[in-house]
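Residue numbers (our numbering), protein chains in the order written: chain A, 18 to 129; chain B, 87 to 201. Let me begin by presenting the structure, written as structure tokens, before commenting on it.
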Amino acid sequence: EAQVTQNPRYLITVTGKKLTVTCSQNMNHEYMSWYRQDPGLGLRQIYYSMNVEVTDKGDVPEGYKVSRKEKRNFPLILESPSPNQTSLYFCASKQGTNEKLFFGSGTQLSVL
Amino acid sequence: AQSVTQPDIHITVSEGASLELRCNYSYGATPYLFWYVQSPGQGLQLLLKYFSGDTLVQGIKGFEAEFKRSQSSFNLRKPSVHWSDAAEYFCAVGANAGNNRKLIWGLGTSLAVNP
């Protein structure tokens, strides 16, 4: 089954403790992206990747890192999480110019 | 500036009633337009998209949308709503930003369905 898998679904952590949210897709998609969703602010793009070893900033990249060492994986790294990074995070992928984004089920992150 | 506006934050309809969710966009070129649905606890799923051609597009789950260039609108419709349609609906426009073919998202419309 074609899917984007994020882990974990829920995560509670404390300020400053490094964490990684994993994202994997099994569709051989070139493009992958991370979004955060906040009430009243909608979906905002954090980082995106056009292909392996090619990543770039989205609209709200501060406080986040990503890497794309393999085509299928695109982890989101928070080196020193802060409470303002409490949010619902989505990973998504698509193939080339095909505009259909496939989304993971989301990761609800709470930073205390 | 490119933007997407969904005027209705929250809508409640009765099961079996018709539905129209509004979407207005601001984009200089011919837009690529999308509607996504987010069910509770789930990621977003594409309902339908408009790239070119027929301005009335059909999507999954019985939804359709009509592109009206003169009104800069791409409203989503369904003739008879089912309880399972309760969800958050997002309109988006595809925009070029350098080498990033990104989506500009509306803030969403939350749909509640009364039995």
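Every residue, glycine too, gets a C-beta built ideally from N, C-alpha and C.
| query | result |
| --- | --- |
| My output table needs one value for A/Asp-73: the three-state DSSP class, helix, strand or coil. | strand |
| According to the neighbour-count rule (16 or more other Cβ atoms, all chains shown, within 10 Å of its Cβ), is A/Leu-129 buried or exposed? | exposed |
| With hydrogens ignored, establish whether the beta-carbon of A/Ser-84 is closer than 7 Å to any heavy atom of the ligand MN. | This structure does not include the ligand MN; it has no bound ligands of any sort. |
| Could you work out which residue in A/Ile-94, A/Glu-116, A/Glu-70, A/Ile-29 is closest to A/Glu-79 when comparing CA atoms only? | A/Ile-94 |
| Going along the chain, which residues of its own chain have a beta-carbon closer than 7 Å to the beta-carbon of B/Glu-152, five neighbours each way excluded? | Thr-141, Leu-142, Asn-161 |
| List, from N- to C-terminal side, the beta strand (DSSP E) runs of 3 residues or more that fit wholly inside the segment 131-178 of chain B. | 142-144, 150-154, 159-164 |
| Starting from the C-beta of A/Glu-70, find all residues in its chain whose C-beta is less than 8 Å away, skip the five residues before and the five after it, and write them out in chain order. | Arg-85, Lys-86 |
| State the DSSP-derived secondary structure class of A/Asn-101, mapped to helix, strand or coil. | helix |
| Which residues of chain A have a Cβ atom closer than 9 Å to the Cβ of B/Lys-188, listed in chain order? | Ser-50, Gln-62, Tyr-65, Gly-75, Asp-76 |
| Using a Cβ-Cβ distance cut-off of 8 Å, determine whether A/Phe-120 contacts chain B. | yes |
| According to DSSP, is B/Gly-194 helix, strand or coil? | coil |
| Taking all protein chains shown into account, do 16 or more other C-beta atoms lie within 10 angstroms of the C-beta of B/Pro-201, making it buried, or fewer, making it exposed? | exposed |
| Whose C-alpha, out of A/Ile-63, A/Pro-98, A/Gln-112, is nearest the C-alpha of B/Ile-190? | A/Ile-63 |
| Under 8 Å between C-beta atoms, does A/Glu-70 make it to chain B? | no |
| Name the residue from A/Val-77, A/Glu-18, A/Pro-100 whose alpha carbon lies nearest to the alpha carbon of A/Asn-43. | A/Glu-18 |
| At what residues does the beta strand (DSSP E) containing A/Gly-80 begin and finish? | Note, A/Gly-80: premise wrong, no beta strand (DSSP E); not H, not E. |
| Using a Cβ cut-off of 8 Å (strictly closer), state whether A/Phe-91 contacts chain B. | no |
| Taking the alpha-carbon of B/Leu-197 as reference, which of B/Arg-187, B/Ser-125, B/Ser-138, B/Lys-147 has the nearest alpha-carbon? | B/Ser-125 |
| Tell me whether B/Asp-171 is buried or exposed, calling it buried when 16 or more other Cβ atoms sit within 10 Å of its Cβ. | buried |
| Which residues bound the beta strand (DSSP E) around A/Phe-91? | Note, A/Phe-91: premise wrong, no beta strand (DSSP E); not H, not E. |
| List the whole-angstrom C-beta distance separating A/Ser-122 from B/Gln-128, where the pair is believed to meet the contact cut-off of C-beta under 8 Å. | 6 Å |
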